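**Student:**
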Amino acid sequence: MRTGCPLARPGQRIGILGGSFDPAHQGHLLISQVALRRLGLDRVWWLVSPGNPLKAHGPAPLATRMAAARATARDPRILVTDIEARLGLRKTADTLHALARLYPGVRFVWLMGSDNMVQFHHWDRWRAIADQVPIAVMARPGSRLAARHAVAASILRRARLPEARAALLAQARPPAWVLLNLPMSGLSSTELRKGLR
Ligand SMILES: Nc1ncnc2c1ncn2[C@@H]1O[C@H](COP(=O)(O)OP(=O)(O)OP(=O)(O)O)[C@@H](O)[C@H]1O
Ligand SMILES: O=C(O)c1ccc[n+]([C@@H]2O[C@H](COP(=O)([O-])O)[C@@H](O)[C@H]2O)c1
C-alpha cells in the first residue's frame, strides 16, 4: 500500500463520494450518512478530486479543500482522502480501476448526487464504471426526477434495484444502481462560493 493511502480490509463495504468539495458542506455529510445507513456500508471515503475533468475552471488548492472537508466530515465512519492526487489520477474510471487493484476484496460503491446522474453519460468510459461498481444516486433538489429519466438511467434500466432493496446494492453484481430518496438538502458548493465572494 502506498504511503498516505487509506486502509481497508477485504470484505468491507466502502462508499466512495468523489467530488471537488470546493468547499465541503453539510449536504455531503447528509448523503454520506444516509448511504452508510441505507446501503449498510462500513465506511464512506470522500475522494477530494484534483479537479473534475469536465469542469474548465480549476478548484481551490487541494490542501485548502482537504482541510475544510476534514472539518466537515464529523463522523468517524467518514474518511477524507486525496488518493487521486497521490496516484496522479482524476478520471473516475481510472480511479476505480486503481482502487480495485490496491484493495482486493473490498466492496466499493460509487455514490453521487442526482445532478451527476443526469450528466453521467458524458463521463469518460461511463459504461465501464457502471460495469465495475454498484452505484447509489442520492436525490438532490432540482434533479431527482431528471435522474430517473437520464440517458444513463434509461440505458441501465434493467440494472436498477428498487429502493426497498438498497441494502443489497453493495453485494450486487454490477451493473446495479439505486436511486435513494432522502430528506433533500439544497446546499451546494456553488452557492457557498458565492457567499464567500
Ligand atoms: N446537497 C446535495 N444533495 C445531494 N448530493 C449532493 C449534494 N451536494 C453535493 N452532492 C453530491 O456530492 C458529490 C460531490 O459534490 P461536489 O463536491 O461537486 O459539491 P457540489 O455542491 O455539487 O459542488 P458545485 O456546486 O461546485 O457543483 C457529487 O456527486 C454531488 O452530486
Ligand atoms: O471521469 C470523468 O469523466 C468524470 C466526469 C465528471 C465528474 N467526475 C467525478 O465525479 C465526481 C463529482 O465531481 P464534481 O466536480 O461534481 O464534484 C468527482 O469525483 C469527479 O472526478 C468524473
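Numbering (my numbering), first residue to last: 3 to 199.
Note that CB positions come from ideal geometry on N, CA and C, so glycine has one too.
Since we're looking at a predicted model, the values are computed, not measured.
Contact check, L184 vs M140 under 8 Å by CB: the rounded distance?
**Tutor:** Position 182 of the sequence shown, counted from the first residue, corresponds to residue 184. Position 138 of the sequence shown, counted from the first residue, corresponds to residue 140. 6 Å between Cβ atoms; contact.
**Student:** Could you tell me whether any non-hydrogen atom of ligand 2 is closer than 7 Å to the CB of T83?
**Tutor:** Looking up residue 83 in the sequence shown gives position 81. Not so, every heavy atom of ligand 2 lies at least 7 Å from the Cβ.
**Student:** Can we count R150 as close to ligand 3, meaning its CB is less than 7 Å from some heavy atom?
**Tutor:** This structure does not include ligand 3; its bound ligands are ligand 1 and ligand 2.
**Student:** Between A149, A152, L181, which has its C-alpha nearest L163's C-alpha?
**Tutor:** Here residue 163 refers to the residue found at position 161 of the sequence shown. Of A149, A152, L181, the residue nearest in Cα terms is L181.
**Student:** Measuring CA to CA, which of R127, G42, G21, R195 is closest to N54?
**Tutor:** Counting from 1 along the sequence shown, the entry for residue 54 is found at position 52. Closest by alpha carbon: G21.
**Student:** Based on Cα-Cα distance, which residue from R72, I85, V36 lies nearest to H27?
**Tutor:** Along the sequence shown, one-based indexing puts residue 27 at 25. Out of R72, I85, V36, R72 has the C-alpha closest to the C-alpha of H27.
**Student:** Going by other Cβ atoms of all chains shown within 10 Å of its Cβ, with 16 needed for buried, is L91 buried or exposed?
**Tutor:** Along the sequence shown, read from residue 1 onward, the residue named residue 91 stands at position 89. Answer is buried; the Cβ neighbour count reaches 16.
**Student:** L19 and W48 - do their beta-carbons sit closer together than 8 Å?
**Tutor:** Here residue 48 refers to the residue found at position 46 of the sequence shown. Here residue 19 refers to the residue found at position 17 of the sequence shown. Against a cut-off of 8 Å, the Cβ pair of L19 and W48 comes out as a contact.
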